[in-house]
Amino acid sequence: MKIAVLGTGYVGLSTGVCLAEIGHDVICIDVDERKIETLKQGKSPIYEPGLEELLTKNASAGRLSFTTSHKIAINHADIIIIAVGTPQSDDGRADLGYLEQAARDLADNIARDSIVVIKSTVPVGTNDYLKQLLQVQLKDKVEIMMVSNPEFLRQGSAIEDTLKADRIIIGSDDQEASRKIQEMYRPLNVPFLLTDVRSAEMIKYASNAFLAMKISFINAIANLCEAAGADVEDVSKGMGFDKRIGSAFLNAGIGYGGSCFPKDVKALLHTSREYGVPFSLLRETISINEIQQELLVEKALKRFGDLKGKKIALLGLSFKPETDDMREAPSIKIARSLTAAGAEVAAYDPVAASNARKVIGDVITYTNSALEAAKGTDALFIVTEWEEFRTLDAAGLLDVMKQRIIFDGRNCLTETALQACRTVEYYPVGRPAVILKRDE
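In this note's numbering, the protein residues as written are 291 to 730.
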């Protein structure tokens with residue numbers, strides 16, 4: 291099939307590359323000329339494991355191309371996929387500005403009956419709204435068949451999540467459009483759920499809100515475990531064995547971030563208000579997460595009393611491992627709170643330092659290794675659970691620190707790693723602190 295993908299962010303680019311990988315002829319559109327030039331050179335503008343390799347492979351094979359011309363791409367396509375951003379507005383609702391512009395661009399260029407697939411995360415009713423917008427602005431008399439096809443990609447594993455999806459949701463009121471989208475995805479050999487447009491739109495928000503709620507729940511349990519002397523890792527493991535609950539998203543820490551959970555929970559809460567349906571569970575999910583992002587700073591204040599003049603190392607800046615995305619990353623709030631309290635902060639992240647500097651600025655120092663960040667510090671914060679930090683030489687790191695104190699926001703360090711340390715104060719989340727003071 292010939293497919294056009296509007297938008298080359300995480301979702302659009304991953305989708306386009308993977309559809310090319312399964313044999314389709316794909317052209318990706320973006321209004322950012324620099325980004326398109328970068329893509330034409332076989333380079334990915336975003337960090338995503340495996341993406342650049344597949345991009346180069348399929349571009350070389352002639353199945354994947356890039357353009358800034360809507361006319362070229364839309365005239366090429368049997369199916370048009372819109373995957374532009376829907377960022378959060380000040381009041382929590384999803385900002386549909388990019389989608390509305392995409393609809394106007396389509397209306398100016400569509401010259402034949404077309405299937406338009408909305409892959410962007412959108413509130414209930416958006417597909418109906420966009421169809422009306424298109425019909426009003428279409429220059430030629432053509433039929434538009436709308437399909438809601440939400441994505442469920444995790445940054446850091448977007449390629450695997452696309453090629454090995456656990457389900458594909460197709461929401462449409464047109465049977466022929468549904469059939470063609472099924473055919474487009476058939477090489478993936480994964481289950482389909484065919485439903486109406488509004489249910490498909492709701493599935494995306496409901497899924498992300500539930501996962502965010504799970505994270506906030508286990509973090510609230512972690513705080514209770516600390517107060518009561520229990521171990522949240524054993525608690526979550528015991529809960530996870532229950533098939534009705536499952537173990538996914540039950541890792542205690544310093545809260546969720548990223549481009550999806552924060553904005554999607556708030557957008558769903560806004561939708562509930564619009565329809566007059568109380569949803570206090572969502573408000574509490576948001577509140578717990580906001581509090582949790584301050585947890586390490588609170589622990590440090592309790593330990594030191596005052597952070598003025600203290601030197602703190604931050605390990606990890608991106609909101610999760612295997613991505614350079616800084617959107618809603620807990621490190622932002624942590625870095626700002628530490629510097630506001632008078633601390634000097636040195637940070638290290640394997641890939642996100644450049645993006646972090648754009649958000650946090652130069653109020654903190656960016657280093658090239660965990661060891662460099664830790665030198666001469668009074669405490670070390672583990673903020674992102676990169677594999678590099680799970681396997682680091684904690685004893686060697688402590689040797690270069692002024693004070694041997696670790697606040698682990700992701701419970702990365704094992705008992706074995708800690709026992710190798712001669713002297714350490716280790717403060718995890720939801721577990722008892724470990725204080726080791728051994729002679730040489």
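Positions of the beta carbon are idealized from the N, C-alpha and C atoms, including for glycine. Bear in mind the structure is a predicted one, so any value in this text is a computation, not a measurement.
| Can a CB atom of chain D be found closer than 8 Å to the CB of Lys330? | No chain D appears in this structure, which consists of one protein chain only.
| request: Would you list the one or two residues that DSSP bridges to Val406? | output: Position 116 of the sequence shown, counted from the first residue, corresponds to residue 406. Ile370 and Met436.
| Which whole-angstrom value is the C-beta distance of Ala636 and Thr655, which I expect to be below 8 Å? | Indexing the sequence shown from 1 puts residue 636 at position 346. Indexing the sequence shown from 1 puts residue 655 at position 365. That belief holds up - the Cβ atoms of Ala636 and Thr655 are roughly 5 Å apart, short of 8 Å.
| Straight-line CA distance for Arg721 to Lys600? | Translated into the one-based positions of the sequence shown, residue 721 becomes position 431. Translated into the one-based positions of the sequence shown, residue 600 becomes position 310. Going from the Cα of Arg721 to the Cα of Lys600 covers about 25 Å.
| query | Can you tell which of Ala490, Leu443, His366 and Asp456 has its C-alpha closest to the C-alpha of Pro481? | reply | For the purposes of this step, residue 481 is taken as residue 191 along the sequence shown, with counting starting at 1. Of the listed residues, the one whose Cα sits closest to Pro481 is Asp456.
| said: Please return the same chain residues whose Cβ sits closer than 7 Å to the Cβ of Arg680, not counting the five positions on each side in sequence. | reply: Position 390 of the sequence shown holds residue 680. Cys702, listed in sequence order.
| query | Would you report the Cα separation of Asp524 and Leu688, rounded to the nearest angstrom? | reply | By 1-based counting over the sequence shown, the position of residue 524 is 234. By 1-based counting over the sequence shown, the position of residue 688 is 398. Taking the straight line joining both Cα atoms gives about 27 Å.
| task | Assign Phe594 to one of three DSSP states: helix, strand, or coil. | result | Residue 594 sits at position 304 when you count from the first residue of the sequence shown. Helix at Phe594.
| task | Taking 8 Å as the cut-off, decide whether the C-beta atoms of His366 and Ile317 are in contact. | result | Translated into positions along the sequence shown, residue 366 becomes position 76. Translated into positions along the sequence shown, residue 317 becomes position 27. Yes; because the gap between Cβ atoms is below 8 Å, this pair is in contact.
| Nearest to Ala646 (by Cα), restricted to the options Ser570, Met492, Arg593 and Ala625 | Here residue 646 refers to the residue found at position 356 of the sequence shown. Checked all of Ser570, Met492, Arg593 and Ala625; the closest Cα to Ala646 is Ala625.
| field | Residue nearest to Ala570 in terms of C-alpha spacing, selected from Leu424, Lys556 and Gln583 | value | On the sequence shown, residue 570 is found 280 positions in, with the first residue counted as 1. What sits at residue 570 in the sequence shown is Ser, not Ala. Ranking the options by Cα distance to Ser570, first place goes to Lys556.
| task | Compare the C-alpha of Thr446 against each of Phe356, Ala642 and Tyr565 and name the closest. | result | Working through the sequence shown from its first residue, we reach residue 446 at position 156. Before going on, a small fix: residue 446 reads as Gly here, not Thr. Cα-wise, what sits closest to Gly446 is Ala642.
| request: Give the single residue among Glu612, Ile602, Val426 and Gly332 whose Cα lies nearest to the Cα of Gly666. | output: Residue numbering aside, residue 666 sits at position 376 when the sequence shown is read from its first letter. When Glu612, Ile602, Val426 and Gly332 are compared, the shortest CA-CA separation from Gly666 is found for Ile602.
| field | Residue burial classification, Gln582 (beta-carbon count within 10 angstroms, cutoff 16) | value | To locate residue 582, count along the sequence shown from 1; it is residue 292. When all chains shown are included, Gln582 counts as buried.
| query | So, are the CB atoms of Ala502 and Tyr565 less than 8 Å apart? | reply | Here residue 502 is taken as the residue at index 212 of the sequence shown, counted from 1. Here residue 565 is taken as the residue at index 275 of the sequence shown, counted from 1. The answer is no: Cβ separation not under 8 Å.
| request: Let me know the secondary structure DSSP gives Gln391 once reduced to three states. | output: For this step, residue 391 is matched to residue 101 along the sequence shown. The answer is helix: DSSP assigns Gln391 an H, G or I state.
| task | Go to Cys308, then tell me how far its beta strand (DSSP E) extends in each direction, as first and last residue. | result | Working through the sequence shown from its first residue, we reach residue 308 at position 18. Per DSSP, Cys308 belongs to no beta strand (DSSP E); it is in the alpha helix (DSSP H), Tyr300 to Glu311.
| Which partner residues of Lys246 appear in the DSSP bridge assignment? | As displayed, the chain neither begins before 291 nor continues past 730, which places residue 246 out of reach and without an answer.
| query | Does DSSP put Leu296 in a helix, in a strand, or in coil? | reply | Reading the sequence shown from its first residue, position 6 is the one you call residue 296. In this structure, Leu296 counts as strand in the three-state DSSP scheme.
| said: Just to confirm the assignment: which complete alpha helix (DSSP H) runs, minimum length 4, are found wholly within the region 497-548? | reply: 522-530
| Which ranges does the alpha helix (DSSP H) cover as unbroken runs of at least 4 residues, wholly within the region 666-721, from first to last along the chain? | Runs of the alpha helix (DSSP H) inside the region 666-721: 677-680, 684-689 and 705-709.
| field | Three-pair Cβ contact test at 8 Å for the region 467-476 versus the region 505-513 | value | no
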